[in-house]
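Using the working numbering, read the sequence shown as starting at 473 and increasing by one per residue. Positions of the beta carbon are idealized from the N, C-alpha and C atoms, including for glycine. Computed from a prediction, not measured in an experiment: that's the story for all the values here. Comments concern the structure below.
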Amino acid sequence: MKKENIKNLTQEELRKKIIALREPAYRSDQILSWLYVKGVKNFAQMSNLTPELQKKLATSFYISELELAERLISDDGTQKFLFKLEDDNFVETVLIKATGRETVCVSTQVGCKFACKFCASGKKGFIRNLKPSEITGQIIYLKHKLKFHVTNIVFMGMGEPLDNYFNTLEAVKIINDEKCLNIAARRITISTCGITPAIKKLKNLNLQINLSISLHAADDKLRSSLMPVNKKYPLKKLISEVQSYFEVTNRKITLEYILIKSINDSKKDAEGLARIAHQLKATINLIPCHDVAGKNLIAPNKDIIDRFVKYLRYLKANVTLRASKGTDISGACGQLAGKK
Ligand code: SF4
């Protein structure tokens, strides 16, 4: 009999399997705690389960662990991890350190179908969705194997999280659940290129997680040229859905804006961006464009960046300029590509 990866079961499915094994339901909480709080590798280590149950579990299930293929450490302390998956695909994960926080940037897909011009993940095309165990597995490896004190999670690695909606949400449940990884919803951020039907579904769950929109342009023509997804979900539709998300959840929205020389760094671009930010009561996160091999897009010089920031502030927009982290190891925003 082919064994099943226990970490791919939803919490409800695990509970049902335990009951089907004629065990009390509370056993499923004990198992979750062993898997995620203690990070054990086999059922024999689950010492508060009966030996019979340990045996039954080992007959039907296995406990997966990602395999680390490469680890790179940047001069600024950012670390990038290349993980090999069971089917020999690869994904990357980034750990970003700042005072008082260790943030893990997780991947949700191998490759990506959305082909944003400034992104290395999109360049490779889409291969497959990650399973919940492969998403949480990135965090478990860093937390249990490498002993990082993981405080925050951002879904900004390879892939579009809302294009892998079900598995991303299952992973969010595990990350957030106090019986599992116990990271507060307010410390979890999902970043999306703007898949409006999925934002709508997410809104209806009314989770207290943060939503970040990869905006990168404030008019449809330019945005569609940088992000083909905009043709399907244009700005008007996106802004109205995000506005509704804000009204229901009351969670602050962030607009990610990669600043690209002579493409989206003009006064008019800043005015459009400020207008959208006001409409959504959002914070703008500016990121100078990073090198992506083979792409002809670069960051404006410092003077232009400073002028752009100053003008946004003059327009009363709430803006932060994100310091580039991990560029020397291709671990910065838009640079993750998996195995070359
Ligand atoms: S920016 Fe996000 S949605 Fe766009 S190609 Fe890269 S991973 Fe995909």
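Heavy atom of the ligand SF4 within 7 Å of residue i beta-carbon
i: residue 606; result: no
i: residue 632; result: yes
i: residue 689; result: no
i: residue 587; result: yes
i: residue 665; result: yes
i: residue 594; result: yes
i: residue 696; result: no
i: residue 684; result: no
i: residue 591; result: yes
i: residue 584; result: yes
Start and end residues, beta strand (DSSP E) containing residue i
i: residue 792; result: 790-793
i: residue 799; result: No beta strand (DSSP E) contains residue 799, which DSSP labels as neither H nor E.
i: residue 522; result: Run containing residue 522: none; DSSP gives neither H nor E here.
i: residue 728; result: 725-731
i: residue 599; result: 598-601
Endpoints, the alpha helix (DSSP H) within which residue i is located
i: residue 517; result: No alpha helix (DSSP H) contains residue 517, which DSSP labels as neither H nor E.
i: residue 578; result: Note, residue 578: premise wrong, no alpha helix (DSSP H); not H, not E.
i: residue 487; result: 483-492
i: residue 503; result: 498-504
i: residue 817; result: The question about residue 817 has no answer here: the residues shown for the chain are numbered 473 through 812.
i: residue 717; result: 707-721
i: residue 606; result: 604-612
i: residue 593; result: 592-595
Residue burial classification, residue i (beta-carbon count within 10 angstroms, cutoff 16)
i: residue 749; result: buried
i: residue 549; result: exposed
i: residue 722; result: exposed
i: residue 797; result: buried
i: residue 628; result: buried
i: residue 746; result: buried
i: residue 630; result: buried
i: residue 677; result: exposed
i: residue 618; result: exposed
i: residue 527; result: exposed
i: residue 633; result: buried
i: residue 491; result: exposed
i: residue 654; result: exposed
i: residue 589; result: buried
i: residue 520; result: exposed
i: residue 523; result: exposed
i: residue 741; result: buried
i: residue 635; result: buried
i: residue 690; result: buried
Residue ranges of each beta strand (DSSP E) run of no fewer than 3 residues wholly in the stretch 618-695, ordered along the chain? 624-627, 660-664 and 682-686
List in chain order: all unbroken beta strand (DSSP E) runs of 3+ residues lying wholly within the stretch 737-785. 755-760
Ignoring anything shorter than 3 residues or poking outside the stretch 546-573, list the beta strand (DSSP E) runs there in chain order. 551-556 and 562-570
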